[in-house]
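The block underneath contains the structure these notes are about, expressed in structure tokens.
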Amino acid sequence: MKTTTILLSAGAVIVLGACAAGSQMGAGFPSADQAVASSFQNMQPGWDKRLVQDDTQKACSVAREKPSKAEAERIEKMNQAMKVVYPASGKLVGDWKKGEAIAQNGYGLRVGDNDPKRQTGGNCYACHQIQMKELSYGTLGPSLHHFGKLRGNTPAIQKYAYDKIYNAQAFTACTNMPRFGHNGVLSPDQIADLVGLLMDPDSPVNQ
Ligand code: HEC
């Protein structure tokens, strides 16, 4: 008997809860954006801006990551018009050994990653096969093994690799690849080191 009472009252609570949610929906039930915004509290300074979508992200949300051909062209053109900052040295091909460390490093921009002494990485292996020695990699992106060997180590391909890592949306609208330079995740020198990893004939990527 006691159990029945508890079950009944639990049922009543659920029904009441559903009614409350239903009435709130009519009167401005929190949107997904509001729910996300209120879920992240006590963030590092400036991180609240990361909860606000820019025009590219908004367009890709509307298109559910599958834009029409015309919309994809519009998004890519919009991103091509955005500024790309190159290394002060003017050299787009940096040190592949440093590039490998950056590709391996997933530190930065996660909740709790607030040690200013630790460098932010690119976490490239999370999505790409790069050098064959590394057995742990994701397959969301294409394999980058032999990138320079297959594409040719020309200034045009070096610039493509740099610009692609800087802002992948300028080439492939609504790609899953983050915009590492555009969003300030990696510095121009770090991006050049990654280009070194992909392009340098001495890099293990091209052996
Ligand atoms: C969250 C997954 C993800 C991460 C992390 C990621 N990429 Fe990508 N990348 C992709 C996807 C998906 C593609 C294919 C679609 C496209 O071109 O955008 C791609 C494409 C590329 C290409 C173009 C390949 C070609 O054949 O032209 C390069 C170069 C590249 N990534 C380099 C990198 C580097 C360097 C990093 C680390 C700084 C990185 N990516 C991190 C998902 C990712």
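Our numbering puts the first residue of the sequence shown at 235, with every later residue one more than the last.
Think of the CB as a built atom: it goes at the ideal place given N, C-alpha and C, for glycine as much as any other residue.
Determine the extent of the alpha helix (DSSP H) in which residue 273 is found, giving its start and end residues.
-> For the purposes of this step, residue 273 is taken as residue 39 along the sequence shown, with counting starting at 1. Here the alpha helix (DSSP H) through residue 273 covers 266–273.
Could you say which of 275, 440, 432, 399 lies nearest to residue 454 if we only look at CA atoms?
-> The chain is shown from 235 up to 441; residue 454 falls before or after that span and cannot be answered.
With burial defined as no fewer than 16 other Cβ atoms inside 10 Å of the residue's Cβ, what is the status of residue 398: buried or exposed?
-> For the purposes of this step, residue 398 is identified with residue 164 of the sequence shown, where counting begins at 1. Buried, since its Cβ has 16 or more Cβ neighbours within 10 Å.
At a Cβ threshold of 8 Å, is residue 380 touching chain D?
-> Of the protein chains in the structure, only one exists, and it is not chain D.
Between residue 357 and ligand 1, is the CB less than 7 Å from at least one heavy atom?
-> What you label residue 357 is simply residue 123 of the sequence shown in a count that begins at 1. Distances taken from the Cβ of residue 357 to the heavy atoms of ligand 1 include one shorter than 7 Å.
State the Cα-Cα distance for the pair residue 294 and residue 342, rounded to the nearest angstrom.
-> For this step, residue 294 is matched to residue 60 along the sequence shown. For this step, residue 342 is matched to residue 108 along the sequence shown. Approximately 24 Å, taken between the alpha carbons.
For residue 328, I'd like the list of residues in its chain whose CB is within less than 6 Å of its CB, leaving aside the five on either flank, ordered along the chain.
-> Residue numbering aside, residue 328 sits at position 94 when the sequence shown is read from its first letter. Within the same chain, Cβ atoms closer than 6 Å to the Cβ of residue 328 are found at 426, 427, 430, the five residues on either side in sequence being excluded.
When DSSP labels each residue in this structure, what does residue 303 get in the three-state scheme?
-> Residue mapping note: residue 303 aligns to position 69 of the sequence shown, counting from 1. Looking at residue 303 - three-state DSSP - the assignment turns out to be helix.
What number of angstroms, rounded off, separates the C-alpha of residue 403 from the C-alpha of residue 312?
-> Your numbering for residue 403 matches position 169 in the sequence shown. Your numbering for residue 312 matches position 78 in the sequence shown. One alpha carbon belongs to residue 403, the other to residue 312, and they sit about 9 Å apart.
Please work out which residues of its chain come closer than 6 Å, Cβ to Cβ, to residue 339, disregarding the five sequence neighbours upstream and downstream, and give them in chain order.
-> Numbered from its first residue, the sequence shown carries residue 339 at position 105. Within the same chain, residue 339 has close Cβ partners 355.
Straight-line Cα distance separating residue 318 from residue 415 | By 1-based counting over the sequence shown, the position of residue 415 is 181. By 1-based counting over the sequence shown, the position of residue 318 is 84. Approximately 8 Å, taken between the alpha carbons.
Output the distance between the C-alpha atoms of residue 278 and residue 296, rounded to the nearest integer angstrom.
-> Along the sequence shown, read from residue 1 onward, the residue named residue 278 stands at position 44. Along the sequence shown, read from residue 1 onward, the residue named residue 296 stands at position 62. So the alpha carbons of these two residues sit roughly 29 Å apart.
Other residues of its chain near residue 432: CB distance less than 7 Å, five sequence neighbours each side excluded = As a first step, residue 432 must be located in the sequence shown, where it is residue number 198. Within the same chain, Cβ atoms closer than 7 Å to the Cβ of residue 432 are found at 378, 381, 382, 395, 439, the five residues on either side in sequence being excluded.
With burial defined as no fewer than 16 other Cβ atoms inside 10 Å of the residue's Cβ, what is the status of residue 260: buried or exposed?
-> On the sequence shown, position 26 is the one that residue 260 refers to. Here residue 260 scores only 45 on pLDDT, less than 50, and its place in the model is too uncertain to base an answer on.
Residue 358 - containing alpha helix (DSSP H), residue span | Counted from its first residue, the sequence shown places residue 358 at position 124. For residue 358, no alpha helix (DSSP H) encloses it, and the DSSP letter there is neither H nor E.
Residue 361: CB within 7 Å of a non-hydrogen atom of ligand 1 | Here residue 361 refers to the residue found at position 127 when the sequence shown is read from its first residue. Of the heavy atoms belonging to ligand 1, at least one sits nearer than 7 Å to the Cβ of residue 361.
Is the distance from the Cβ of residue 320 to the Cβ of residue 389 below 8 Å?
-> Your numbering for residue 320 matches position 86 in the sequence shown. Your numbering for residue 389 matches position 155 in the sequence shown. Contact annotation: residue 320 and residue 389 have beta-carbon atoms that are not nearer than 8 Å.
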